[in-house]
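2 protein chains.
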Amino acid sequence: MTDSAGPQADSTATQPSPEVDFRTSPERYRHWKLEIDPAEPEVAHLRLDIAEDGGLVPGYELKMNSYDLGVDIELYDATQRLRFCHPEVRAVVLTSAKDRNFCAGANIRMLAQSPHPWKVNFCKFTNETRNGIEDASANSGQTYLAAVNGTAAGGGYELALACERILLLDDNSSAVSLPEVPLLGVLPGTGGLTRVIDKRRVRKDRADLFATRSEGMRGKQAVEWRLVDELIPKRSWDETVLERATEAAAGSSRPAPGSGATGIELSPLESDEDENGIRYRHVEARFDRDRGLVEITVHGPEGDVPETVERIHELGADFWALAMTRELDDLILRLRTNELELGTWVIRTKGDVEDALAFERVIEQHSGDDWLVNEIRHYFKRTLKRLDVTSRSLIALIEPGSCFAGALLELALACDRQYMLDGLMESDSDEGPEEGEPAQLVLSSSNFGTFPMANGLSRLGSRFWGDEDTLAKLRQETGRRIDALEAHELGLVTDAPDDIDWDDEVRIMLEERASLSPDALTGMEANLRFVGPETMESRIFSRLTAWQNWIFVRPNASGPEGALRRYGTGQRANFDRKRV
Amino acid sequence: MTDSAGPQADSTATQPSPEVDFRTSPERYRHWKLEIDPAEPEVAHLRLDIAEDGGLVPGYELKMNSYDLGVDIELYDATQRLRFCHPEVRAVVLTSAKDRNFCAGANIRMLAQSPHPWKVNFCKFTNETRNGIEDASANSGQTYLAAVNGTAAGGGYELALACERILLLDDNSSAVSLPEVPLLGVLPGTGGLTRVIDKRRVRKDRADLFATRSEGMRGKQAVEWRLVDELIPKRSWDETVLERATEAAAGSSRPAPGSGATGIELSPLESDEDENGIRYRHVEARFDRDRGLVEITVHGPEGDVPETVERIHELGADFWALAMTRELDDLILRLRTNELELGTWVIRTKGDVEDALAFERVIEQHSGDDWLVNEIRHYFKRTLKRLDVTSRSLIALIEPGSCFAGALLELALACDRQYMLDGLMESDSDEGPEEGEPAQLVLSSSNFGTFPMANGLSRLGSRFWGDEDTLAKLRQETGRRIDALEAHELGLVTDAPDDIDWDDEVRIMLEERASLSPDALTGMEANLRFVGPETMESRIFSRLTAWQNWIFVRPNASGPEGALRRYGTGQRANFDRKRV
Chain A
0 MTDSAGPQAD
10 STATQPSPEV
20 DFRTSPERYR
30 HWKLEIDPAE
40 PEVAHLRLDI
50 AEDGGLVPGY
60 ELKMNSYDLG
70 VDIELYDATQ
80 RLRFCHPEVR
90 AVVLTSAKDR
100 NFCAGANIRM
110 LAQSPHPWKV
120 NFCKFTNETR
130 NGIEDASANS
140 GQTYLAAVNG
150 TAAGGGYELA
160 LACERILLLD
170 DNSSAVSLPE
180 VPLLGVLPGT
190 GGLTRVIDKR
200 RVRKDRADLF
210 ATRSEGMRGK
220 QAVEWRLVDE
230 LIPKRSWDET
240 VLERATEAAA
250 GSSRPAPGSG
260 ATGIELSPLE
270 SDEDENGIRY
280 RHVEARFDRD
290 RGLVEITVHG
300 PEGDVPETVE
310 RIHELGADFW
320 ALAMTRELDD
330 LILRLRTNEL
340 ELGTWVIRTK
350 GDVEDALAFE
360 RVIEQHSGDD
370 WLVNEIRHYF
380 KRTLKRLDVT
390 SRSLIALIEP
400 GSCFAGALLE
410 LALACDRQYM
420 LDGLMESDSD
430 EGPEEGEPAQ
440 LVLSSSNFGT
450 FPMANGLSRL
460 GSRFWGDEDT
470 LAKLRQETGR
480 RIDALEAHEL
490 GLVTDAPDDI
500 DWDDEVRIML
510 EERASLSPDA
520 LTGMEANLRF
530 VGPETMESRI
540 FSRLTAWQNW
550 IFVRPNASGP
560 EGALRRYGTG
570 QRANFDRKRV
Chain B
0 MTDSAGPQAD
10 STATQPSPEV
20 DFRTSPERYR
30 HWKLEIDPAE
40 PEVAHLRLDI
50 AEDGGLVPGY
60 ELKMNSYDLG
70 VDIELYDATQ
80 RLRFCHPEVR
90 AVVLTSAKDR
100 NFCAGANIRM
110 LAQSPHPWKV
120 NFCKFTNETR
130 NGIEDASANS
140 GQTYLAAVNG
150 TAAGGGYELA
160 LACERILLLD
170 DNSSAVSLPE
180 VPLLGVLPGT
190 GGLTRVIDKR
200 RVRKDRADLF
210 ATRSEGMRGK
220 QAVEWRLVDE
230 LIPKRSWDET
240 VLERATEAAA
250 GSSRPAPGSG
260 ATGIELSPLE
270 SDEDENGIRY
280 RHVEARFDRD
290 RGLVEITVHG
300 PEGDVPETVE
310 RIHELGADFW
320 ALAMTRELDD
330 LILRLRTNEL
340 ELGTWVIRTK
350 GDVEDALAFE
360 RVIEQHSGDD
370 WLVNEIRHYF
380 KRTLKRLDVT
390 SRSLIALIEP
400 GSCFAGALLE
410 LALACDRQYM
420 LDGLMESDSD
430 EGPEEGEPAQ
440 LVLSSSNFGT
450 FPMANGLSRL
460 GSRFWGDEDT
470 LAKLRQETGR
480 RIDALEAHEL
490 GLVTDAPDDI
500 DWDDEVRIML
510 EERASLSPDA
520 LTGMEANLRF
530 VGPETMESRI
540 FSRLTAWQNW
550 IFVRPNASGP
560 EGALRRYGTG
570 QRANFDRKRV
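Note that the protein sequences, when read in sequence, are chains A and B.
All residue numbers for the first sequence refer to numbering that gives the first Met the number 0, where the first residue is 0 and numbers rise by one.
All residue numbers for the second sequence refer to numbering that gives the first Met the number 0, where the first residue is 0 and numbers rise by one.
Have a look at this one:
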């Protein structure tokens, strides 16, 4: 470890941050085992069996089932595949394949050696994956149960907290704990404090006691305090866990057993990348390092809109809506992690408005009755939520040839600002098929609640928070084409310059954005994007993450004598005692 | 300015933080003029006229009506006196006595030279004062109006945002702005972002544009965007402002004009202090620097409980409930600002339970019909809220001779943990009047909503969040004495050790608390204390303050090349471009 303190750790961390690839598949997993017993196809088992030497970055060993980003990338992949490839799975048991260790949480040496942005991005991704687990329980009919067969410490317990039921082995050693405050001088980074009080409704003075006691709790007291749901003796462990999983499976909204529903294959995601950008089939990103931005274009479907649900199942991962969502999801994760200095994301769409609306209709008509369409809807919702919590300035440019209609309009509404060209650029008039067609938006029912934000509001509900009249008026406008001046009038876009002003206005706006303090922008956007109500999920990002960010840069945690740096050295941390 | 960066600024700020005294009175104000025209006694004018050379700390001049903590201490005093000394005042016009400058917000040089805890404490206090202004509008029948007769920048506009109505002079130069992000690389620190979107319901993309535009907005666009309520031409300024104030006064819940209600005098608060503590008449604090804690004792009333409302008015500031609240309020502020290293506050009460409950009854019976009792209720509520957002560990010790009953029980419920002695200490049995009386708690209706937290919940509602059954059961228990074991059983206390365990358990608990990272405790407590719903007020502390805390320690703001440090030097800030 170096002698550097606090924010300086960003530049002097012992290991450079590697380029991260988020793509994997079960046969490549090093840390998880995804098992479905053909005799019990309703229940999947996700067993954590971390390879100590399998860290994503050199410098630490993943002892005691502790994880790093690489482990969580596999977990994310597993949760996605359970949803898309296994319609028969109605309950998921998350457990450990190691003896006496359920999971020790995030690897401390990894945290101690990592620069600040790495820690923050790591926490964000792990939070999203845990929220995704809760989303599967709530919206996919796949209820997660944690079968805690050993110690679940810190992030290990937080993983259990994301499950709907926590079963604890009654063996005098299995325990749950949040030792971050007493041992590391940081906060539980993946929702621990929030879920303990908001989800499990542990009384807050008990939560205080629990979260300051490094050894945590076990046995009956853990049940009494609601930290776990049930103690199960060793002799009946496997059988009771399976029984609980089967009970959870009984109420599932997944296709009925024997319905013959078959999963789709999530084929490997292909992309071309070079120093100038990343190109997928439907999504592309061009880097502009001089201007500190990425230009992202999402291409709409090109005439291949399926007419029936059967055809969607046939198309599977090739169905445009799913393919585009997978690409966008992957792009967001890679840009966040690998391109820290590209601070502004300029988002465009390209394609036919009518074809884009066809996606809409499929979702609208079938997400209630078809498990795959339901999955696609919720996956696009989760991907939009990733945008909402991305610490980049998001700017939508709505230009001729774009297809910001219905679900795709959500991309623009997720942005901090929306600029729409009024009319055509002079140069556009002799270009291809969009000739003579100025940009238009189309609202659909998708914009009124199909893809809620973390705070439970639709993006329009958030944009017009407290203004029910405008929302009611906008509902009347669904289905028709809205041009730039009208969109501006309706409040759907920030500005609608014409071709004379467009280039200058956009250029100046992007230059200005690039000139501002990246930190101040992060804080401002984190405040403005989430107006109004809060949910457990929004609080995890807004409150917990903000405090954790602060603590991560404080010398008491990350300084050379801080608790996070000194953990495991045998030396005690040396604290600045001033309370702030 | 020094070369130190980020957190290091704590120890190398150019000026040591002075010992701050929060007591003042109008005749000593240097920065505000509080005026009530006898011809229009319903409307008070608070005019900001900052003395440039009146800074609390050397090193900066308070130019352009910019403020520091000293200015805000006077504002707080003025808002308190308006409530207690002026029952006739039904509207307050907050304006500037300077030409063309309403208020330039917090002084930048002051911020740049201040250590981190000073900045955070300063923001917290100013936030509390602005929340108090909103509380006066909502609960005291004193509606605040901002008469913005010049530029209102940053904290200047945030002060206006705390008012119910913002009137802007239409003179081509008066404007409102939040230039923190573009000029200083920090966030508006006193609720600006939150109030713009949550209170004034400015659309969030517009809020983004506004908060990144250093010159702000004026004229019609400011009205269209809801940043202000009304533009008023210069020629009719005074008359229209008074008219709006009179309109606001018309709906007030204050005593009717001509009712003969007279205010009370807020006599100077007296205290003795030395290096070991602070003693007021009803509240005392003993410092234990070795153990890093303060032992706070609140004494209950001593038999002087008034029987009638008239007697309360006669007693005025000598009425125990008001005197105790003023002392506690002052103590909290002084400890927060002046005693940063005393990280744990141990809170006790001492007195007769029945007398304490008499306070209860007066509040309960008369806060609806008597303006002064109403003020006392809301003042105690605000003082409890200060505890809720205090970055110190709060521990209630409930011992024989204590009077945690009704309103005073809120002190214990505001704590992170509550320890109650079961039975008597052996040594207690031959001590004075409490002989043979173990500690007891009493619930009253005050514990179910009279003193709500910032999130709108009662402290019991917060403690038993989501557990309506327990809350209903506790409502049945009001009025009767509850001993330690029963209190433990009911979930009202964290633990109830007997005399054999008490000393050790308390000692170990306090030692353990003192050993933990002060930063981690702050973050943990800020998360656990506010379970459940959020309001604008809670979001200002939980989200905005957390992000601001983070930004305040980042090199991009507070480093030697950061925007906050370089402001006014003619040099541009040099940013680390990584987005986190």
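Note that beta-carbon positions come from the ideal geometry of N, C-alpha and C, so glycine has one too.
Bear in mind the structure is a predicted one, so any value in this text is a computation, not a measurement.
Residues are counted here when their Cβ sits less than 7 Å from a Cβ of chain A; for the region 536 to 567 of chain B these are S541, R542, L543, A545, W546, Q547, N548, W549, I550, V552, R553, P554, N555, A556 and A562, given in chain order. In this structure, the alpha-carbon of A/P178 lies about 12 Å from that of B/M523.
Residue range S392 to I397 is occupied by the beta strand (DSSP E) that includes A/S392.
Of all residues in the region 406 to 429 of chain B, only D415, R416 and Q417 place a beta-carbon less than 7 Å from a beta-carbon of chain A. Judged by DSSP in its simplified three-state form, A/F529 adopts coil rather than helix or strand. The beta carbon of A/L371 is closer than 7 Å to those of I263, I311 and H312 in its chain, skipping five residues each way along the sequence.
For the region 14 to 35 of chain B, no residue has a beta-carbon sitting nearer than 9 Å to a beta-carbon of chain A.
The beta carbons of A/I72 and A/D169 sit about 33 Å from each other, so the pair does not count as a contact at 8 Å. At a cut-off of 8 Å, the C-beta of A/E340 has a neighbouring C-beta in chain B.
With at least 16 other beta carbons inside 10 angstroms of its own, A/T150 counts as buried.
The Cβ of B/K384 sits no closer than 8 Å to any Cβ of chain A. Taking C-alpha positions only, B/V185 is separated from B/E242 by approximately 37 Å. Within the region 122 to 145 of chain A, not one residue has a Cβ closer than 8 Å to any Cβ of chain B. Residues of the region 110 to 121 of chain B with a Cβ closer than 7 Å to any Cβ of chain A, in chain order: H115, P116 and V119. Identification of residues in the region 515 to 526 of chain A having a C-beta nearer than 9 Å to some C-beta of chain B yields L515, S516, P517, D518, A519, L520, T521, G522, M523, E524, A525 and N526, given in sequence order. Under the rule that a run must span 4 or more residues, the alpha helix (DSSP H) segments found entirely inside the region 196 to 247 of chain A read 203 to 210 and 218 to 223.
Taking the CA atoms as reference points, B/A221 sits about 33 Å from B/E87. Residues of chain B whose Cβ lies closer than 7 Å to the Cβ of A/R474 do not exist; the shortest such Cβ separation is about 18 Å. For B/C84, the enclosing alpha helix (DSSP H) begins and ends at L68 to C84. The C-beta distance from B/L420 to B/W501 rounds to 5 Å, short enough to meet the 8 Å contact threshold. Residue pairing from DSSP places B/G276 in a beta bridge opposite B/D273 and B/R285. Taking a Cβ-Cβ cut-off of 9 Å, the neighbours of A/E511 in chain B comprise P181, T211 and R212, given in sequence order. Taking 4 residues as the shortest admissible run, the region 492 to 551 of chain B contains the following complete alpha helix (DSSP H) segments, listed from N- to C-terminal end: 498 to 514, 517 to 527 and 535 to 538. Chain A places a beta carbon closer than 8 Å to that of B/L192, counting this residue as a contact.
Proximity of chain A to B/W501 at the Cβ level (cut-off 8 Å) is not reached, the minimal Cβ distance being about 17 Å.
Under the DSSP assignment, A/M419 falls in the beta strand (DSSP E) whose first and last residues are R416 to M419. For A/T142, the CB contacts under 6 Å within the same chain, skipping 5 residues up- and downstream, are A90, S136, E163 and A247 in chain order. Residues of the region 388 to 399 of chain A with a Cβ closer than 8 Å to any Cβ of chain B, in chain order: S390 and R391.
In the structure shown, A/F447 falls within a helical segment according to DSSP collapsed to helix, strand and coil. Within chain A, the residues whose beta carbon sits less than 9 Å from that of B/V530 are T193, I196, D197, R200, K203 and A206, listed in sequence order. DSSP places B/V147 in the strand class (E or B) of the three-state scheme. The three-state reading of DSSP puts A/N100 in strand, counting E and B together.
Taking all protein chains in view, the Cβ of A/N548 is crowded by 16 or more other Cβ atoms within 10 Å, so the residue is classified as buried. Distance check between B/S172 and each of B/D329, B/N148 and B/V180 places B/N148 closest, using alpha-carbon atoms only. Between the region 507 to 516 of chain B and the region 444 to 451 of chain B, the count of Cβ pairs shorter than 8 Å is below three; the stretches do not touch. Against chain B, the beta carbon of A/G465 has neighbours under 7 Å at R200, listed in chain order.
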